[in-house]
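Residue numbers (this note's numbering): -7 to 125.
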């Protein structure tokens, strides 16, 4: 009987050690994984590209992103509704992991300067004609 008590106590100690070690390694792995995460914050009117999954023959050479689209509605911090400016088509809820910011150039009046970069619909003047290709 004494042997069984000692053995069960040793097993309890080993179980607790393993549990502590597993928790330590889990937190270390989470910290390491979170170091590479870049939080994307989008506002209404921002330009974004939407990821699409190309399939079929020649999928390596197809475009991986469609757009640029405009953020129409923010349903939650992770779900966004997008609108295509050329066709006015509204896409249903899209998760943020399928989006990346788009930097669209605004047309410039003079030809010898590079077009300025815009990231939001509000920065486009109503006087200039703006088409997204």
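A virtual CB, placed ideally from N, CA and C, is assigned to each residue, including glycine.
Since this is a predicted model, take the numbers as computed values, not measurements.
For residue j and residue i, the rounded distance between their alpha carbons
{"i": "residue 27", "j": "residue 4", "result": "35 Å"}
{"i": "residue 32", "j": "residue 10", "result": "37 Å"}
{"i": "residue 72", "j": "residue 91", "result": "9 Å"}
{"i": "residue 1", "j": "residue 51", "result": "59 Å"}
{"i": "residue 35", "j": "residue 59", "result": "17 Å"}
{"i": "residue 97", "j": "residue 89", "result": "24 Å"}
{"i": "residue 15", "j": "residue 29", "result": "21 Å"}
{"i": "residue -5", "j": "residue 13", "result": "27 Å"}
{"i": "residue 41", "j": "residue 6", "result": "52 Å"}
{"i": "residue 24", "j": "residue -7", "result": "47 Å"}
{"i": "residue 76", "j": "residue 8", "result": "56 Å"}
{"i": "residue 112", "j": "residue 53", "result": "29 Å"}
Bridge partners - residue i, DSSP secondary structure assignment
{"i": "residue 73", "result": "65"}
{"i": "residue 112", "result": "38"}
{"i": "residue 91", "result": "42"}
Collapsed DSSP secondary structure at residue i in the structure displayed
{"i": "residue 3", "result": "helix"}
{"i": "residue 15", "result": "helix"}
{"i": "residue 55", "result": "coil"}
{"i": "residue 29", "result": "coil"}
Integer Cβ distance of residue i from residue j, believed to fall under 8 Å
{"i": "residue 55", "j": "residue 94", "result": "Contact flag wrong, Cβ pair sits at about 13 Å."}
With three or more beta-carbon pairs closer than 8 Å as the criterion, would you say the stretch 7 to 27 touches the stretch 61 to 69? Taking a cut-off of 8 Å on C-beta distances, the stretch 7 to 27 does not touch the stretch 61 to 69, as fewer than three cross pairs fall below it.
On the three-pair Cβ rule with 8 Å, is the stretch 76 to 88 touching the stretch 45 to 56? no
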